[in-house]
Amino acid sequence: MLKKIATALLCTVAPSVLTAQKVELRSSDGLISVKGEVIAFDGVLLTVATSVGEVNVPASDVGCYGFGCLTILSDAALNIPPNTFAAVVIDDVPAASSGAQPTAAAADPAPAAVPVSETLSIGFSDPRYADMFRTSTGAFVLSGQRDTRIGLTLPGQIELTNADRQEDVSVIFANTTENADIAVAVTPLTGAAEFVHQSPADWSLTGPLSHQLLGLDAFEVVVAEGIGLEAITLAQLAGIYAGDVTNWSELGGADLRILPLQLPASSGLHSEFSELVVAPSGKTVAKSVLTIPDEVGIVNSVTRFPGSIAVVSFGQADDSMVIPVAGGCDVAVAATPFSITSGDYPLIRPITATYAGPPRATLMPELLDHAATRAAQAAVAGQGFLDASPMLQEAAANNNRVVSVLDSALSDIDKPAAAKMFELLFDADRLSPTLIGGAVSGPEGAWNRAAFVALADALGDASYAGKEILFIGFAESANGDQAAIDVSERVANEMQAAFGLFAPDVIAENVLSVSAYGFGGVAPAACYQGQVDSETNSRVEIWVR
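Per mature numbering (1 follows the signal peptide of the UniProt record, and there is no 0), the sequence shown runs over residues -19 to -1, 1 to 526.
Here is the structure:
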């Protein structure tokens, strides 16, 4: 191998600069090291501009080191497949070999030879979330980490031990989320938040993570007959419950007084509703809102009282009473298992673990990563929770989405993108994992990482062998349609490259091809507003064919 690399280093090539990203390329024995800018790739050899000139290096014989590796892998002009290199190391942290058992979630994890013992307190905003955590922990030990043992040493305490890595974690259940090392509660993906992760590498490879997703639920909006509306927006909901909107005619509906209903202020669901819907608008729930003791009573009251409206947990009401909801745009989305799992539906309730500080051992981040797998989701679904495993969208919904491209009133800039989208997706199926593009908040990073774990776990199934996995970017931009298309292409390529580093074994073993495209604001499935203030907002959908 050394001879082959040495020979390649003597070969110069004609100038053909496509892009320039500084990386270090090393052979596995570390004796050969080439530092420079990758400027071309012909399918076998990388062209590297070094301080002494341009050289060729066989890509499969070297590892790529540095943050530039993620950028060159996401560069459509270079077109370097994610599994091209012998290894990819970002910021001296090797990329995880599979999504199901990532190794880079914890900050500064101790070397395997050094014992790590820590005690973590964990608090839950709702007792049901403690049940979800226990169930997910059991699934982790049984199917995700057979070398990890679980023990119940004391009431309210779980002991996790991995002898091979010499890690021991005592998890103590706290009575409250306040001052807990890990606080589990519904954390909104709406409203504004500071960015924590600048790029996909931050939440998928290097860490540390400030949040991780444990599970998913949603609210649905139920209304009485005859209100005269077929959908409602989050802003309208906030206005109703704040007492600013009192008649359905103010929203374009019937001339009928609005009667909003709510659960008691002491209930966890009431707090979650306030945080998800009312607080992001800078409002509070009006004292005049009628309180009903439980969700069954609320649903029954909506059927009896004209003009009434309520927000209840998903699945509590008959579908005929439920109306679609729009976020910060005009795209109204009905509450379905797919729209909730994909995040298209705006009233999702991400049940999220928030770290007070990064854990030293890797066991807890791995446990929470595993919560997104099919095994863990099946276990929590057996306890009455929503199964958020990856699923295919119904064929009719796929067809309606793709066909709608032809019926849209599009700008001259968007028309070519729409034609390409129709051609590419008419025989493809959408998978539910959906990603938030660009710089993201801690909760958004948790959402994205869980989507990667779930996607890697699902794509390992034999039914996907030989398939093409398409990362499809969508965006809106204050700078116009072309800017939106450019952003959507960029974020799709970034996500494709990051996933290639996150789950290379899954891609290689199931012979998957992975590609990326961007279509700007053509045929949006949902609103693209993120928590981080930006001139552009974007999402990346996963399609398969």
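Ideal Cβ positions, reconstructed from N, Cα and C, are used throughout, including at glycine.
Compare the Cα-Cα distances from residue i to each of the options and report the closest residue.
i: V25; options: P62, G47, A57 and G49; result: P62
i: R430; options: I394, N160 and T333; result: T333
i: H351; options: G196, L391 and T284; result: G196
i: V292; options: F176, Q217 and V43; result: Q217
i: I20; options: G47, R7, A58 and D467; result: A58
i: A267; options: L250, V226, A399 and S301; result: V226
i: Y46; options: F66, V36 and Q179; result: F66
i: S323; options: Q374, I290 and R115; result: Q374
i: A260; options: D393, A437, F480 and T168; result: T168
i: M113; options: A362, A464 and P424; result: A362
i: S446; options: L416, N491, W524 and H192; result: Before going further, note that residue 446 is Ala rather than Ser in the sequence given. Checked all of L416, N491, W524 and H192; the closest Cα to A446 is N491.
i: L194; options: D388, P346 and C50; result: P346
i: residue 527; options: Y509, D408 and C508; result: There is simply no residue 527 to check, as the chain begins at -19 and stops at 526 in what is shown.
i: residue 531; options: G423, I239, A120 and G207; result: No information on residue 531 is available, as it lies outside the stretch -19 to 526 that the chain covers here.
Run through DSSP, which three-state label would residue i get?
i: L451; result: strand
i: V521; result: strand
i: Y498; result: strand
i: K268; result: coil
i: N281; result: helix
i: T343; result: coil
i: G137; result: coil
i: F22; result: strand
i: T187; result: helix
i: I163; result: strand
i: L220; result: Strictly speaking, residue 220 in this sequence is Gly, with Leu absent from that position. DSSP places G220 in helix when its eight states are reduced to three.
i: G44; result: strand
i: V303; result: strand
i: S180; result: coil
i: E131; result: It should be pointed out that residue 131 corresponds to Ile in this sequence rather than to Glu. In the structure shown, I131 sits in a strand (DSSP, three-state: E or B).
i: residue 532; result: It is not possible to answer for residue 532, since the shown part of the chain is limited to -19 through 526.
i: R526; result: coil
I'd like the span of the beta strand (DSSP E) that includes residue i, first residue to last.
i: T335; result: I329 to Y336
i: P414; result: D410 to I417
i: D299; result: Element bounds for D299: n/a, residue is neither H nor E.
i: residue 527; result: With the chain covering -19 to 526 only, the question about residue 527 has no answer from this structure.
i: T116; result: From DSSP, T116 is part of no beta strand (DSSP E) but of the alpha helix (DSSP H) over P108 to A120.
i: F105; result: V97 to F105
i: E201; result: H192 to V204
i: L237; result: Neither: L237 is in no beta strand (DSSP E) and is coded neither H nor E.
Which whole-angstrom value is the C-beta distance of residue i and residue j, which I expect to be below 8 Å?
i: A307; j: A313; result: 4 Å
i: S320; j: M372; result: Their Cβ separation, rounded to whole angstroms, is 11 Å, which puts S320 and M372 out of contact at 8 Å.
i: G104; j: V165; result: 7 Å
i: S444; j: A456; result: With a Cβ gap of about 31 Å, S444 and A456 do not count as contacting.
i: L242; j: V283; result: 7 Å
i: R355; j: D438; result: 6 Å
i: L405; j: A399; result: Actually they do not touch by this definition, with Cβ atoms about 11 Å apart.
By Cβ distance, which residues of its chain are closer than 6 Å to residue i, with the 5 residues on each side in sequence left out?
i: D236; result: S230
i: S78; result: Low confidence applies to S78: its pLDDT is 36, below 50, so where it sits in the model is not reliable enough to give any reading.
i: residue 545; result: Residue 545 is absent from the structure shown; the chain starts at -19 and stops at 526.
i: P90; result: Only weak support exists for where P90 lies, its pLDDT of 47 falling under 50; the value from the coordinates is given anyway. Excluding sequence neighbours, P90 sits near T343.
i: A155; result: S102, G104 and A161
i: T116; result: A360, V361 and Q364
Report all residues from its chain with a CB closer than 7 Å to the CB of residue i; omit the five preceding and five following residues, and keep chain order.
i: E516; result: S458, A459 and N460
i: D73; result: With a pLDDT of only 47 at D73, under the threshold of 50, the placement of this residue in the model should not be trusted, and no figure is reported.
i: A473; result: F452, I453, G454, A497, Y498, G499 and V521
i: V386; result: A399, M402, F403, V503 and A504
Over the uninterrupted alpha helix (DSSP H) stretch that includes residue i, give me the two end residues.
i: S323; result: P318 to S323
i: E490; result: P485 to E490
i: A260; result: From DSSP, A260 is part of no alpha helix (DSSP H); its letter is neither H nor E.
i: S252; result: G249 to F254
i: V361; result: R355 to A362
Any beta carbon from chain C within less than 9 Å of residue i's own beta carbon?
i: S41; result: Of the chains in the structure shown, none is chain C; there is only one protein chain.
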